[in-house]
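Peer 1: Sending over a structure as structure tokens; questions will come in a sec.
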Amino acid sequence: MSLTFTSQRRRFKLPSLPLKISNLSFIFPRLFSSSTHYNSFHAESFYTSLLEKSTHRTHLSQIHNHLYIQGLQYNGFVITKFINVSSNLGAIEYARQVFDEFPDKYVFLWNAIIRGYSMHNLLDKVVDMYSRMRQAFVSPDCFTLPYVLKACGGLLAVEFGGAVHAHIFRHGFEKDVFLQNGLLSFYVKCGENSRACVLFDQLSKRDVVTWTSIISGYAQNRQPMEALRMFRDMRRSDVKPDWIALVSVLRAYSDVGELNQGRCLHGLIIEMGHEFEPDLRIALTSLYAKSGQVMAAKSLFDQMEVEDVILYNAMISGFAKNGYADEALHLFTEMISKSIQPDVVTLQSSVLASAQLGSLEQARKMDNYVNNSEFKNNIIVNTALIDMYAKCGSVELARQVFNRTVYKDVVVWSAMIMGYALHGWGREAINLFNEMTKGGVRPNDVTFIGVITACSHSGLVEEGWKFFLSMKDYGVEPCQKHYASVVDLLGRAGYLEKAYNFITTMSVEPGISVWGALLSACKVHRHVTLGEYAAEKVFALDPINTGYYVQLSNLYASACMWDGVAKVRILMKLKGLNKDLGCSMIEINGKLEAFRIGDKSHPRSDEVYKKLEWLEMRLLEYGFAADTESDLHDLDKEEKEVTLCNHSERLAIAYGLISTSPETTLRIIKNLRACVNCHLATKLISKFVNREIVVRDANRFHHFKDGTCSCGDYW
């Protein structure tokens, strides 16, 4: 048996059900313990109570049938309750069907369906229903508008939200604090901070939600100083911040690098009893991690019971940005093993860690993971992969990622050009730049840094200079990095006077990178006088950077000015500075092995030094003679030769030769710039062992093969 009812709009058929109210007792036994119990209820209150007890969608159709039996199918109070309960139970489409069947809809009914769509985050439906409500000449009330404002904020519908703002004033709700906060939140979510600020200033009453909205708005829209200013004003008022406001303040401190203020706020959080709030702990973890306090961040991370992607992102990003590549990748692996789904931020940070590690095998693993995930076409992740492969020694694999990237913006093109620059592939970088501009992609400041650097590393002085002059054609103003690239371009080629004259004509005050580039060029070409002047400028700008003292010391050593070397050493000692020891790492079977100059701590040290002796003998057979004048130490010639042959990259090469098959490419990472002797020796070694040897030093990559280097002896 089934029932058919007719409404003013259309006919629909309800499922067959027994027509005895007592059948509902199987669902709600307490309400139907006796028939007199039912008779004591007014029909409306009975069915609203019945709806309140509903726990499953299947109850709705049975109750709906009985509403028709009792003639309550058009009772606004009961149907409003029915729509609310249907929404709560996830039956939003059923709620919409009942709504559509109601003939004369009044404001509470509209509010119920709008609330339902909002609850299920169907924001476009919320906006649509509000428009229909207005078309039906039903005036919204103070319960309608907050849901609509929330939807407008979520959809970034600035124009529609502005119309809602006008409706609020038209209907006299402008003094409603709840609506004012909704408006403030809407403008904040849409990035309309100026309008939010105007509205905020007009408010006569500001509660914690008001302050939190404006603080969150500034923090989310990358205006941390404004967020902190508002927080100070809030503290001066009588309003006590809640944990939501404190999360935004911590993010602002993190963005501006105010670790000490962040620590003070951490104390306030503990004082207020919010230290166990998960979002606050995540924000604190991110603050400490971004500020380099990774152990403090890890301590908070380990205390968290709730593990989610945001927490892992804070920690992985913190490790990666502070050079803890192994730890970052360990957390990434742990995250995957716990079935926590990574997002773009996770992968970007993990790819960065892989690039720092320099392991090509690890890079391939990361690429394989991305390529089998939903992020394989993500432009941000692919850009990071291009950079990763370039820094792990394979510009060819970087190009493969570049080629498979469907949509290429200027960031993707620039990453590939920078990859070519890192490996000294100047012509390839120029060709890619031309291809980019012909395709209608406008270069930016990073693109020009990449192409000028590529020219510098390849000795393409004229081409690099033309690129610098063409920046104005694209509306790009040169910054310190561009000027430094040009000084490096001229200085490497030996045009030291031109480089100095270029510095004196700069439109801005030369920075440390500019003078540092000149000092480096003076060291290469042994120009002591100009080098001393450049060093003086550098030390005034950055008195504690060890690298520049070492460069000046090496300049003096190359000129056999041992008194100058001694003075630099004394100056470093007085400042508490220590020279970084040379360290080279080689990847064998996915594992990085480290060697330092004269190192004998490796388990296979005897084999390594035996192979090293064999290499030195073969080098002598090929006519290799060490350039002892390039060594920084004031030693006799024989002592210098011994020191030079024990440089860390030679130990790494020896270990690679005894640990791999004859056709294997050796990949080495060195923390310092390659010295002249090791560069020459590695070229010869690549020839007589018939191996390709890839060395990444502090400046660039060197690909040694058949007795030549990709840098063309120009580095």
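Each step along the sequence shown adds one to the number in UniProt numbering, with nothing skipped, and position 364 is 364. The beta-carbon is built from N, C-alpha and C at its ideal position, and this holds for glycine as well.
(1) For Arg170, which three-state DSSP category applies?
(2) Short of 6 Å in beta carbon distance, which residues of its chain neighbour Trp243, apart from the five on each side in sequence? Order them along the chain.
(3) Per DSSP, Met585 forms a beta bridge with which residues?
(4) Taking the continuous alpha helix (DSSP H) assigned at Arg134, which residues delimit it?
(5) Quick one: residues in its chain with C-beta nearer than 6 Å to the C-beta of Met366, no 5 flanking neighbours on either side, listed in chain order?
(6) What is the C-beta distance between Val695 and Glu649, in whole angstroms, given that I count them as a contact (C-beta under 8 Å)?
(7) Ordered along the chain, which non-local residues of its own chain (more than five positions away) have a Cβ less than 7 Å from that of Gln348?
(8) Helix, strand or coil, according to DSSP, for Cys190 in the structure here?
(9) Exposed or buried, what is Phe701 when buried is set at 16 or more other beta-carbons lying within 10 Å of its beta-carbon?
(10) Taking the Cβ atom as the reference point for each residue, do Val138 and Val158 lie within a distance shorter than 8 Å?
(11) May I ask you to report which of helix, strand or coil DSSP gives Asn92?
(12) Using the beta-carbon count (16 or more within 10 Å), is Phe186 buried or exposed?
(13) Ends of the alpha helix (DSSP H) at Ile336?
(14) Using CA coordinates, which residue listed in Arg170, His171 and Gly217 is at the minimum distance from Asn181?
(15) Ignore the nearest five residues each way along the sequence and tell me which others in Gly323's own chain have a CB closer than 8 Å to its CB.
(16) For the region 675-690 against the region 594-603, do three or more pairs of beta-carbon atoms, one drawn from each stretch, fall closer than 8 Å, so that the two count as touching?
(17) Ends of the beta strand (DSSP E) at His703?
(18) Starting from Cys709, follow its DSSP beta bridges and name the residues at the other end.
(19) Give me the DSSP bridge partner(s) of Val694.
(20) With DSSP run on the structure shown, which of helix, strand or coil describes residue 790?
(21) Since Val127 and Ala151 are thought to touch, with beta carbons under 8 Å apart, how far apart are those beta carbons, to the nearest angstrom?
(22) Decide if the region 397-411 is in contact with the region 613-627; the criterion is three or more beta carbon pairs, one per stretch, under 8 Å apart.
(23) Would you call the region 432-451 and the region 471-479 in contact, with 3 or more CB pairs under 8 Å?
(24) Would you list, in sequence order, the uninterrupted alpha helix (DSSP H) runs of no fewer than 4 residues that lie entirely inside the UniProt repeat "PPR" (207-241)?
(25) When you measure from the CB of Tyr253 to every non-hydrogen atom of the ligand MN, does any distance come out below 7 Å?
(26) Which word fits Val406, buried or exposed, when buried means at least 16 other C-beta atoms lie within 10 angstroms of its C-beta?
(27) Which same chain residues end up closer than 7 Å to Gly707 when comparing Cβ atoms and leaving out the 5 residues on each side of it in sequence?
(28) Can you tell me where the alpha helix (DSSP H) with Gly450 in it begins and where it stops?
(29) Measure the beta-carbon distance from Lys523 to Gln551 and round it to whole angstroms, keeping in mind my assumption that it falls under 8 Å.
(30) To the nearest angstrom, how far is it from the Cα of Val538 to the Cα of Gly531?
(31) How about Ala112 and Thr80: do their beta carbons lie closer than 8 Å?
(32) Can you tell me whether DSSP reads His647 as helix, strand or coil?
(33) Using CA coordinates, which residue listed in Ala517, His171 and Leu672 is at the minimum distance from Ala493?
(34) Have a look at Ser553 and Met335 and give me their C-alpha separation to the nearest angstrom.
(35) Between the Cα of residue 716 and those of Thr664, Tyr609, Thr665 and Phe595, spot the shortest distance and give me the residue it belongs to.
(36) By the DSSP assignment, the alpha helix (DSSP H) with Asn382 in it spans what residues?
Peer 2: Once the coordinates are examined:
(1) Counting from one through the sequence shown, the residue named residue 170 turns up at place 170. Three-state result, Arg170: helix.
(2) For the purposes of this step, residue 243 is identified with residue 243 of the sequence shown, where counting begins at 1. Answer for Trp243: His274, Glu277 and Leu280, listed in chain order.
(3) On the sequence shown, residue 585 is found 585 positions in, with the first residue counted as 1. When DSSP reads this structure, Met585 sits in a beta bridge with Ala594 and Ile669.
(4) Taking the first residue of the sequence shown as position 1, residue 134 is located at position 134. Start and end: Leu123 to Gln135.
(5) Along the sequence shown, one-based indexing puts residue 366 at 366. Excluding positions up to five away in sequence, the list reads Val351 and Ser354.
(6) Here residue 695 refers to the residue found at position 695 of the sequence shown. Here residue 649 refers to the residue found at position 649 of the sequence shown. Distance from Val695 to Glu649 at the Cβ level is roughly 6 Å; contact confirmed, criterion being Cβ atoms closer than 8 Å.
(7) As a working mapping, residue 348 is identified with position 348 in the sequence shown. So the qualifying residues of the chain are Ile380, Val381 and Ala384.
(8) One-based indexing of the sequence shown puts residue 190 at position 190. In the structure shown, Cys190 sits in coil (DSSP, three-state: anything other than H, G, I, E or B).
(9) Locating residue 701 in the sequence shown gives position 701, where the first residue counts as 1. So Phe701 ends up on the buried side.
(10) By 1-based counting over the sequence shown, the position of residue 138 is 138. By 1-based counting over the sequence shown, the position of residue 158 is 158. Cβ distance not < 8 Å, so Val138 and Val158 don't count as in contact.
(11) As a working note, residue 92 is residue 92 in the sequence shown. The question names Asn, but residue 92 in the sequence shown is Ile. In the displayed model, Ile92 falls within a helix according to three-state DSSP.
(12) Translated into positions along the sequence shown, residue 186 becomes position 186. Its Cβ being crowded by 16 or more others within 10 Å, Phe186 is buried.
(13) Locating residue 336 in the sequence shown gives position 336, where the first residue counts as 1. Per DSSP, Ile336 belongs to the alpha helix (DSSP H) from Ala325 to Ser337.
(14) By 1-based counting over the sequence shown, the position of residue 181 is 181. Looking only at Arg170, His171 and Gly217, the smallest Cα-Cα distance to Asn181 is reached by Gly217.
(15) Start at 1 with the first residue of the sequence shown, and residue 323 comes out as number 323. Here the set comprises Gln356.
(16) Too few Cβ pairs lie closer than 8 Å, so no.
(17) Counting from one through the sequence shown, the residue named residue 703 turns up at place 703. Note, His703: beta strand (DSSP E), Phe701 to Lys705.
(18) For the purposes of this step, residue 709 is identified with residue 709 of the sequence shown, where counting begins at 1. In the DSSP assignment, Cys709 forms a beta bridge with Phe704.
(19) Against the sequence shown, residue 694 aligns to sequence position 694. Answer by DSSP bridge pairing, in chain order: Arg667 and His703.
(20) The question about residue 790 has no answer, for the chain in this structure spans 1 to 715.
(21) Along the sequence shown, one-based indexing puts residue 127 at 127. Along the sequence shown, one-based indexing puts residue 151 at 151. Their Cβ separation, rounded to whole angstroms, is 5 Å, which keeps Val127 and Ala151 in contact under 8 Å.
(22) Verdict: no, contact absent.
(23) The answer is yes - the region 471-479 touches the region 432-451, with three or more Cβ pairs under 8 Å.
(24) For the UniProt repeat "PPR" (207-241), whole alpha helix (DSSP H) runs of length 4 or above, ordered along the chain, are 208-220 and 224-236.
(25) With respect to small molecules bound, the structure shown includes none, and the ligand MN cannot be examined in it.
(26) Here residue 406 corresponds to residue number 406 of the sequence shown, with the count starting at 1. That one is exposed.
(27) Within the sequence shown, the letter at position 707 stands for residue 707. Same-chain partners within the cutoff: Lys683, Leu684, Ser686 and Lys687.
(28) As a position in the sequence shown, residue 450 is number 450, starting the count at 1. DSSP places Gly450 in the uninterrupted alpha helix (DSSP H) bounded by Asp445 to Ser458.
(29) Numbered from its first residue, the sequence shown carries residue 523 at position 523. Numbered from its first residue, the sequence shown carries residue 551 at position 551. With 8 Å as the limit, Lys523 and Gln551 qualify as a contact, their Cβ atoms being about 5 Å apart.
(30) Taking the first residue of the sequence shown as position 1, residue 538 is located at position 538. Taking the first residue of the sequence shown as position 1, residue 531 is located at position 531. Cα to Cα, the separation comes out at about 10 Å.
(31) As a first step, residue 112 is located in the sequence shown; it is residue number 112 there, counting from the start. As a first step, residue 80 is located in the sequence shown; it is residue number 80 there, counting from the start. In this structure, Thr80 lies closer than 8 Å to Ala112 by Cβ.
(32) As a first step, residue 647 is located in the sequence shown; it is residue number 647 there, counting from the start. The answer is coil: DSSP assigns His647 none of H, G, I, E or B.
(33) Taking the sequence shown and counting its residues from 1, one reaches residue 493 at position 493. Per the Cα distances, Ala517.
(34) Counting from one through the sequence shown, the residue named residue 553 turns up at place 553. Counting from one through the sequence shown, the residue named residue 335 turns up at place 335. When rounded, the separation of the alpha-carbon atoms in Ser553 and Met335 is 47 Å.
(35) Not covered by the structure: residue 716. The range shown for the chain is 1 to 715.
(36) For the purposes of this step, residue 382 is taken as the residue at position 382 of the sequence shown. Boundaries of the alpha helix (DSSP H) harbouring Asn382: Ile379 to Lys391, taken from the DSSP string.
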